[in-house]
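Enquirer: First, the structure itself, so that you have it in front of you.
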């Protein structure tokens, strides 16, 4: 099978299809469920009070109108009807009711840096400040035994409730000893399994955590793999890219806060709201791709006729 045929097969699979209209009955039931979920969350005490949402928006020179515009755009991003916008706005303020534990393995911390963008903060960054981040070794002051204790206490206290964000690939080579952490020399494999055990769901963030990334490049000396190759029997969401888009991180958490469930995923465990549409889908040359008409080299007859550019390097079929 040719490379272009493989691409066609991957993106015409049933799991790749995005259903943007599931019918009035479905959305009415979902709306009522989300309302109930939000009321239940309001009864819970915030897990942190580091940031007052309203004050943060005002401090950044943003107003209520800006927030509602963001909520409207986020509602559309999550593939929900416009009527859900007020619920999305309420859910955003309640982000500190869901605990998040962030684990770093074989990584460069690029996704953490993306999470912490501070140049001209937008609503997304303010939302991320509100999240109850119970453990993040790069951000917290505690280190050594104190850090280990903090993580263990967080995993025990929020067992079955926390979202485990994992950044970095998992080295399997040499019995996992290419990556160890803490005073006990716990391997990344065991560290990940221990964190995953009590998680409500696992969010693999970035190319390394999702598919192995650069550490997995040939000859892959550490035998690095993605999280989904190690953890089985737990809900896993992949948010690839290097680094991952903070808006997609916010979207996953917000969807969980709003609905109490995980977003719909494709065959690669990526959220369809973020990875359901590609540049390829709306390309003016798409018909030529479907017809097998390609530019074979620059300046040929195909180029003159605006044929598909896939064979000369276009990444539209893989770009979201």
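In this note's numbering, the protein residues as written are 1 to 320.
We put the CB at the ideal spot given by N, CA and C, even for glycine.
(1) Which whole-angstrom value describes the C-beta separation of residue 173 and residue 222, a residue pair presumed to lie in contact below a C-beta threshold of 8 angstroms?
(2) Evaluate residue 119 with the Cβ neighbour count: other Cβ atoms within 10 Å of its Cβ, from every protein chain shown; 16 or more gives buried, anything less gives exposed.
(3) Could you name the residues of the same chain whose beta carbon sits closer than 8 angstroms to that of residue 198, not counting the 5 residues immediately before and after it, in chain order?
(4) Assuming residue 86 is part of the beta strand (DSSP E), what are its boundary residues?
(5) Would DSSP call residue 31 helix, strand or coil?
(6) Does residue 168 have its Cβ less than 7 angstroms from a Cβ in chain D?
(7) By how many angstroms is the C-alpha of residue 272 removed from the C-alpha of residue 232?
(8) From which residue to which residue does the beta strand (DSSP E) around residue 132 run?
(9) Between which two residues does the beta strand (DSSP E) containing residue 246 stretch?
(10) Could you give the distance in angstroms between the alpha-carbon of residue 254 and the alpha-carbon of residue 283?
(11) Could you please give the first and the last residue of the uninterrupted alpha helix (DSSP H) stretch that includes residue 165?
(12) Closer than 6 angstroms by C-beta to residue 280: which residues in its own chain qualify, once you throw out the five before and the five after it? Chain order, please.
(13) I need the straight-line Cα distance from residue 33 to residue 259, nearest angstrom please.
(14) Counting only the same chain and skipping the five closest in sequence on each side, list residues whose C-beta sits under 7 angstroms from that of residue 242.
(15) Would you mind reading off the limits of the alpha helix (DSSP H) that contains residue 57?
(16) Taking 8 angstroms as the threshold, find out whether the region 79-92 comes into contact with the region 138-156 through three or more Cβ pairs.
(17) Determine the DSSP secondary structure at residue 116, reduced to helix, strand or coil.
(18) Quick check on DSSP: helix, strand or coil for residue 192?
(19) Assuming the contact rule is C-beta atoms closer than 8 angstroms, residue 180 and residue 186 should be a hit. Round their C-beta distance to whole Å, please.
(20) Can you tell me the Cα-Cα spacing of residue 308 and residue 291, whole angstroms?
(21) In or out: residue 297 buried (at least 16 other Cβ within 10 Å) or exposed?
(22) Take residue 234 and list the residues in its own chain whose beta-carbon comes closer than 6 angstroms to its own, dropping the five residues that flank it on each side.
(23) From residue 227 to residue 171, what distance separates their C-alpha atoms?
(24) By DSSP, does residue 80 sit in helix, in strand, or in coil?
(25) DSSP beta-bridge partners for residue 279?
(26) How long is the line joining the alpha carbons of residue 105 and residue 169, rounded to whole angstroms?
(27) Look at the Cβ atom of residue 115, then the Cβ atom of residue 246, and state whether they are nearer than 7 angstroms.
(28) Got a sec, what are the start and stop residues for the alpha helix (DSSP H) residue 301 sits in?
(29) Quick one: residues in its chain with C-beta nearer than 6 angstroms to the C-beta of residue 27, no 5 flanking neighbours on either side, listed in chain order?
(30) Return the CA-CA distance between residue 132 and residue 319, expressed in angstroms with no decimal places.
(31) Does the beta-carbon distance from residue 204 to residue 257 come in below 7 angstroms?
(32) So, for residue 151: in the same chain, excluding its five sequence neighbours on each side, which residues have a beta-carbon less than 6 angstroms away from its beta-carbon?
Expert: Looking at the coordinates:
(1) 5 angstroms
(2) A caution first: residue 119 carries a pLDDT of 45, below 50, which makes its placement in the model too unreliable to give a value.
(3) 155, 156, 158, 159, 160 and 162
(4) Run containing residue 86: none in the beta strand (DSSP E); it sits in the alpha helix (DSSP H), 85-93.
(5) helix
(6) The structure shown contains no chain D, having only a single protein chain.
(7) 21 angstroms
(8) 132-136
(9) Here residue 246 belongs to no beta strand (DSSP E); instead the alpha helix (DSSP H) covers 246-259.
(10) 31 angstroms
(11) That residue, residue 165, is in no alpha helix (DSSP H); its beta strand (DSSP E) goes 163-167.
(12) 316 and 317
(13) 7 angstroms
(14) 110, 206, 207 and 213
(15) 53-59
(16) no
(17) coil
(18) helix
(19) 6 angstroms
(20) 9 angstroms
(21) exposed
(22) 196 and 202
(23) 10 angstroms
(24) coil
(25) Residue 279 pairs with nothing; no bridge assigned.
(26) 6 angstroms
(27) yes
(28) 301-304
(29) 81
(30) 32 angstroms
(31) no
(32) 135
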